[in-house]
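Student: Following this message is one structure expressed as structure tokens.
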Amino acid sequence: MPKIIVEIMPKQDLLDPQGKAVANALVRGGNKDISGVRIGKRIELHFDREVTEKDIEEAKKQAKEFLSNDVIEDVVAVTVEN
Amino acid sequence: MRIGVITYPGTLDDRDAQRAIRLAGGTPVPLWHADDDLKKVDAVVLPGGFSYGDYLRCGAIAAKAPATKEVIKKAQQGLPVLGICNGFQVLVESHLLPGGLIRNEHQHFICRDQKLRVENNQTDWTNLFEKDEEIIIPLKNGEGGYIATDDTIKMLEEENRVVFRYLELNPNGSMNDIAGLTNERGNVVGLMPHPEHAVEPGFGPDTAVATRSGIDGLKFFQSALKALVNS
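Protein sequence lines correspond, in order, to chains A and B.
Heads up, the numbering used here is the position in the first sequence plus 2, with the first residue counted as 1.
Heads up, the numbering used here is the position in the second sequence plus 664, with the first residue counted as 1.
Here it is as structure tokens:
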């Protein structure tokens with residue numbers, strides 16, 4: 003299925019409580035070399051047809067304006083799988 | 665005076681907000697998120713809860729609802745709007761107020777009677793408070809940590825747009841102890857604590873005088889009614 007994949011991460015300088023809790027659990031579980039975990043989002047936009055340049059432009063716009071909040075998050079990648 | 669209360673899927677405190685408006689002397693008007701008709705109300709309350717199950721980000725999907733789009737348009741023209749808790753998150757996601765709200769620093773949901781200082785009594789929702797008045801309003805949230813860029817925080821402080829500040833204890837890691845904000849014009853106010861839960865003796869927060877006697881929240885709604893009469 004053709005899709006556009008939007009990847010979003012919490013900003014580097016912000017505390018990521020979810021990542022911190024998971025990191026603690028991993029270290030407790032014996033993974034002593036894991037020094038940190040950050041958790042973001044992968045959002046897939048599915049299409050029943052081939053993805054066009056226009057779709058990608060629109061996806062980038064929505065990624066910036068709706069799918070992420072630029073006060074707390076960064077859009078790290080918008081990729082296409084046709 | 666008719667004050668609308670928007671109900672989104674997942675809203676919890678719409679009935680409490682309606683009741684608070686009634687106790688303050690106004691007429692509550694229920695509004696539905698999918699309806700872009702605001703029924704000619706004189707002001708709007710965005711109540712607390714978990715609109716759309718907090719999917720994507722708290723308030724993000726509600727910010728795109730037809731009713732919210734109308735609120736954004738009318739707020740820019742001066743309509744008094746109060747966003748409580750999830751409603752504050754909707755205001756931030758709608759860009760009517762700057763910054764963002766993230767998970768509480770200590771990662772726990774918090775529920776307590778919170779002391780606040782009224783920093784700005786010139787808004788449509790705080791004009792009946794004294795400047796620097798200390799009030800007690802129930803607070804209950806999981807994602808109430810207010811953050812913004814350094815430039816935004818500086819601007820908010822310089823323009824006196826911090827309306828409420830947490831006193832004695834910062835419950836969620838909010839920058840500069842910010843509990844509530846207003847826009848440039850003073851008609852839009854958002855805060856994490858719940859004034860609609862402090863409007864009737866016997867059902868409010870504990871105060872130094874008696875248990876459950878706190879009614880500091882009532883002045884929010886009375887202030888809006890006063891602002892509407894004066895406008």
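Ideal Cβ positions, reconstructed from N, Cα and C, are used throughout, including at glycine.
Is there a Cβ from chain B that is less than 8 Å from the Cβ of V79/A?
Tutor: Counting from 1 along the first sequence, the entry for residue 79/A is found at position 77. With the sequence shown as reference, residue 79/A is identified as Ala, and Val is not the correct amino acid for it. No, A79/A does not count as interfacial toward chain B.
Student: Note down the Cα distance separating Q771/B from G668/B, rounded to an integer number of angstroms.
Tutor: For the purposes of this step, residue 771/B is taken as residue 107 along the second sequence, with counting starting at 1. For the purposes of this step, residue 668/B is taken as residue 4 along the second sequence, with counting starting at 1. Looking at the two C-alpha atoms, the distance is approximately 33 Å.
Student: Give me the Cα-Cα distance between L803/B and C775/B, rounded to the nearest whole angstrom.
Tutor: As a first step, residue 803/B is located in the second sequence; it is residue number 139 there, counting from the start. As a first step, residue 775/B is located in the second sequence; it is residue number 111 there, counting from the start. About 5 Å.
Student: Does the Cβ-Cβ distance between Q753/B and G717/B come in under 8 Å?
Tutor: Position 89 of the second sequence, counted from the start, is the residue given in the question as residue 753/B. Position 53 of the second sequence, counted from the start, is the residue given in the question as residue 717/B. For Q753/B and G717/B, no; Cβs fall outside 8 Å.
Student: CA-CA distance, E55/A and D841/B?
Tutor: Numbered from 1 along the first sequence, position 53 holds the residue referred to as residue 55/A. Numbered from 1 along the second sequence, position 177 holds the residue referred to as residue 841/B. Computed Cα separation, rounded: 45 Å.
Student: Does DSSP put R51/A in a helix, a strand or coil?
Tutor: Taking the first sequence and counting its residues from 1, one reaches residue 51/A at position 49. Reduced to three states, the DSSP call for R51/A is coil.
Student: Output yes if chain A places a C-beta closer than 8 Å to the C-beta of A726/B; else output no.
Tutor: What you label residue 726/B is simply residue 62 of the second sequence in a count that begins at 1. No - not a single Cβ of chain A is within 8 Å of the one on A726/B.
Student: Skipping 5 residues on each side, what residues in its chain have a beta carbon closer than 6 Å to that of T824/B?
Tutor: Counting from one through the second sequence, the residue named residue 824/B turns up at place 160. Here residue 824/B is Asn; the residue named in the question, Thr, does not match the sequence. Excluding positions up to five away in sequence, the list reads N784.
Student: Would you tell me roughly how many angstroms separate the C-alpha atoms of N33/A and A27/A, rounded to the nearest one?
Tutor: Residue numbering aside, residue 33/A sits at position 31 when the first sequence is read from its first letter. Residue numbering aside, residue 27/A sits at position 25 when the first sequence is read from its first letter. Approximately 9 Å, taken between the alpha carbons.
Student: Does any residue of chain B bring its CB to less than 8 Å from the CB of V2/A?
Tutor: Since the first residue shown for chain A is 3 and the last is 84, residue 2/A is missing from the structure and cannot be characterised.
Student: Ends of the beta strand (DSSP E) at V8/A?
Tutor: Working through the first sequence from its first residue, we reach residue 8/A at position 6. Run containing V8/A: K5 to P12, per the beta strand (DSSP E) assignment.
Student: Would you give the residue range spanned by the alpha helix (DSSP H) that V893/B belongs to?
Tutor: Looking up residue 893/B in the second sequence gives position 229. From DSSP, the alpha helix (DSSP H) with V893/B extends over L882 to N894.
Student: The alpha helix (DSSP H) that contains D870/B, what's its start and end?
Tutor: What you label residue 870/B is simply residue 206 of the second sequence in a count that begins at 1. Careful: D870/B lies outside any alpha helix (DSSP H) and carries neither H nor E.
Student: I want to verify the contact list: residues of chain A whose CB lies under 9 Å from the CB of Q771/B, in sequence order.
Tutor: Looking up residue 771/B in the second sequence gives position 107. Correct list: P19, Q20, K22 and A23.
Student: Taking 8 Å as the CB-CB cut-off, is V73/A touching chain B?
Tutor: On the first sequence, position 71 is the one that residue 73/A refers to. So yes, V73/A belongs to the interface.
Student: Using 8 Å as the threshold, is the C-beta distance between S895/B and N791/B below it?
Tutor: Taking the first residue of the second sequence as 1, we reach residue 895/B at position 231. Taking the first residue of the second sequence as 1, we reach residue 791/B at position 127. Not closer than 8 Å, so no.
Student: Could you list which residues in chain A have their beta carbon closer than 8 Å to that of A812/B, in chain order?
Tutor: If you number the second sequence from 1, residue 812/B lands on position 148. Chain A residues near A812/B: V73.
Student: Taking 6 Å as the limit between beta carbons, can you name the residues of its chain near V39/A, skipping five residues before and five after?
Tutor: What you label residue 39/A is simply residue 37 of the first sequence in a count that begins at 1. Excluding residues within five positions, the ones whose Cβ falls inside 6 Å are G21, V24 and A25.
Student: Note the first and the last residue of the continuous beta strand (DSSP E) segment covering N750/B.
Tutor: By 1-based counting over the second sequence, the position of residue 750/B is 86. Element bounds for N750/B: not the beta strand (DSSP E) but the alpha helix (DSSP H), N750 to E757.
Student: Cα-Cα, which of G878/B, D788/B, T675/B and F884/B is closest to E864/B?
Tutor: Against the second sequence, residue 864/B aligns to sequence position 200. Of the candidates G878/B, D788/B, T675/B and F884/B, the one whose C-alpha sits nearest the C-alpha of E864/B is G878/B.
Student: When you compare each of H861/B, I800/B and D814/B to E832/B by their alpha carbons, which one comes out closest?
Tutor: The residue labelled residue 832/B in the question sits at position 168 within the second sequence. The candidate whose alpha carbon is nearest that of E832/B is I800/B.
Student: By alpha-carbon positions, which one of L16/A, A79/A and E59/A ends up nearest to E9/A?
Tutor: Within the first sequence, numbered from 1, the residue matching residue 9/A stands at position 7. Ranking the options by Cα distance to E9/A, first place goes to A79/A.
Student: For G844/B, return the contacting residues in chain A, with the cut-off set at a CB-CB distance below 9 Å.
Tutor: Stepping through the second sequence from its first residue, residue 844/B is reached at position 180. Near G844/B there are no residues of chain A at all, since even the closest Cβ is about 17 Å away, more than 9 Å.
Student: Taking 8 Å as the CB-CB limit, is F1/A close to chain B?
Tutor: Since the first residue of chain A shown is 3 and the last is 84, residue 1/A is not available in this structure.
Student: For R721/B, which residues in chain A fall below 7 Å Cβ to Cβ?
Tutor: Counting from 1 along the second sequence, the entry for residue 721/B is found at position 57. What R721/B touches in chain A: N71.
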